[in-house]
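Colleague: The structure's right below; bear with me while I get my questions together.
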Amino acid sequence: MKLIDSHAHLTDEAFDEDRSFLIRDLSNFSIEAVINPGTNLADSKKAVDLAKEYNNIYAQVGIHPEEIEDMGEDDLAQIEELAQNDRVVAIGEIGLDYYYRDDNKKEQTEVFRAQLDLARKANKPVVVHTREVGYDAYEILKDYTDLKVQIHCFSEGEDLLQKYMDLGFYISIGGVVTFKNGLNEKAAAALCPIERLMLETDSPYLSPEPYRGKRNDPRRIIEIARAIADIRGMDLKKLCKRTSKNVQEFFGIK
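Numbered according to the numbering used here, the sequence shown spans residues 792 to 1045.
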């Protein structure tokens, strides 16, 4: 059985004390690789450095919507430059987020589109954050169906799931699928075509049951896999193999 965590923030300060041990320990849990997103310029640089240091870690670079207020004038130019590194497999984590702020929708949209254009220029997939934004992200992404798109930590309803499937996008499901109230995630786990499904932990956040409330890390992705295999009535090993293959094909990794 092999697993790939398609989204984990290993550069987060929550891992400062045991990051090296954790990365070395992944193989003991059949985890072959982790895709590490960037959330701002500094974090994206750290993601690239980490990917250079460890063969089983791959980097994304990008500006998260919650970080746009602190952007410098040339941050996107530097993100574009970082994207040329061969350890960078996607532009991410980018998108929209109205959970904490919805008074800067125009600015969020501008930065989102700029990074989608950057991904198009760099010929890289994109990893998209869509927290409580309704159909706004979908309306933008309709203009970018030439890109490979992953909707990270999917939490929307069946209608948006189908719309994203119609555009040829992928979705990734995290620890909320193990929660009793994770109804949208459970529905998505059941309905998403297996060839478009990925698994993620979003570490150090959203730790799955039975670890809810504790720091999450990629070794807990097996709990997410078990929950989804149970929901789909699918053999666990087959689910792990297929979702890992999806990650490899989407990000272009071996």
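Don't be surprised by glycine CBs; every beta carbon is placed ideally from N, CA and C.
Nearest to aspartate 894 by CA position, among Glu860, Phe1042 and Phe945, is which residue?
Modeller: Of the listed residues, the one whose Cα sits closest to aspartate 894 is Glu860.
Colleague: If you measure between the beta carbons of tyrosine 849 and asparagine 876, is that distance less than 8 Å?
Modeller: No.
Colleague: In terms of alpha-carbon separation, which member of Val880, Asp865, Asp816 and Gln941 lies closest to alanine 905?
Modeller: For the residues Val880, Asp865, Asp816 and Gln941, the minimum Cα distance to alanine 905 belongs to Asp865.
Colleague: DSSP beta-bridge partners for alanine 874?
Modeller: Note: alanine 874 sits in no beta bridge, so no partner.
Colleague: Just to confirm before moving on: does the CB-CB distance between threonine 994 and proline 1009 stay below 8 Å?
Modeller: Before going on, a small fix: residue 994 reads as serine here, not threonine. Yes.
Colleague: Just to confirm, is the Cβ distance from proline 936 to glycine 965 under 8 Å?
Modeller: This sequence places threonine at residue 936; proline is not what is there. Not a contact, by the Cβ cut-off of 8 Å.
Colleague: Does the segment 1029 to 1045 come within contact of the segment 793 to 810, defined as at least 3 CB pairs closer than 8 Å?
Modeller: Contact holds: three or more Cβ-Cβ distances are below 8 Å.
Colleague: Quick check on the DSSP output: the alpha helix (DSSP H) that includes isoleucine 854 runs from which residue to which?
Modeller: Segment: none, isoleucine 854 is in no alpha helix (DSSP H) and carries neither H nor E.
Colleague: Name the residue from Lys1032, Ala868 and Asp809 whose alpha carbon lies nearest to the alpha carbon of alanine 1016.
Modeller: That would be Lys1032, whose Cα lies nearest to the Cα of alanine 1016.
Colleague: Do the segment 870 to 888 and the segment 837 to 847 touch if we need at least three Cβ pairs shorter than 8 Å?
Modeller: Taking 8 Å as the limit for Cβ pairs, the verdict is that the segment 837 to 847 does touch the segment 870 to 888.
Colleague: Which stretch, first to last residue, makes up the alpha helix (DSSP H) that contains alanine 900?
Modeller: The sequence given here has threonine at residue 900, not alanine. Its alpha helix (DSSP H) spans residues 896 to 913.
Colleague: Using CA coordinates, which residue listed in Ile942, Asn847 and Tyr926 is at the minimum distance from valine 917?
Modeller: Taking only the C-alpha atoms, the option nearest valine 917 is Ile942.
Colleague: Is isoleucine 931 helix, strand or coil by DSSP?
Modeller: Correct three-state label for isoleucine 931: helix.
Colleague: Expressed to the nearest angstrom, what Euclidean distance is found between the alpha-carbon atoms of leucine 867 and leucine 1027?
Modeller: Going by the C-alpha atoms only, they are around 41 Å apart.
Colleague: Does DSSP put leucine 951 in a helix, a strand or coil?
Modeller: The answer is helix: DSSP assigns leucine 951 an H, G or I state.
Colleague: Between which two residues does the beta strand (DSSP E) harbouring alanine 833 extend?
Modeller: It is not in any beta strand (DSSP E) - alanine 833 instead sits in the alpha helix (DSSP H) that spans 832 to 844.
Colleague: DSSP three-state call for isoleucine 1044: helix, strand or coil?
Modeller: Isoleucine 1044 falls in the coil class under three-state DSSP.
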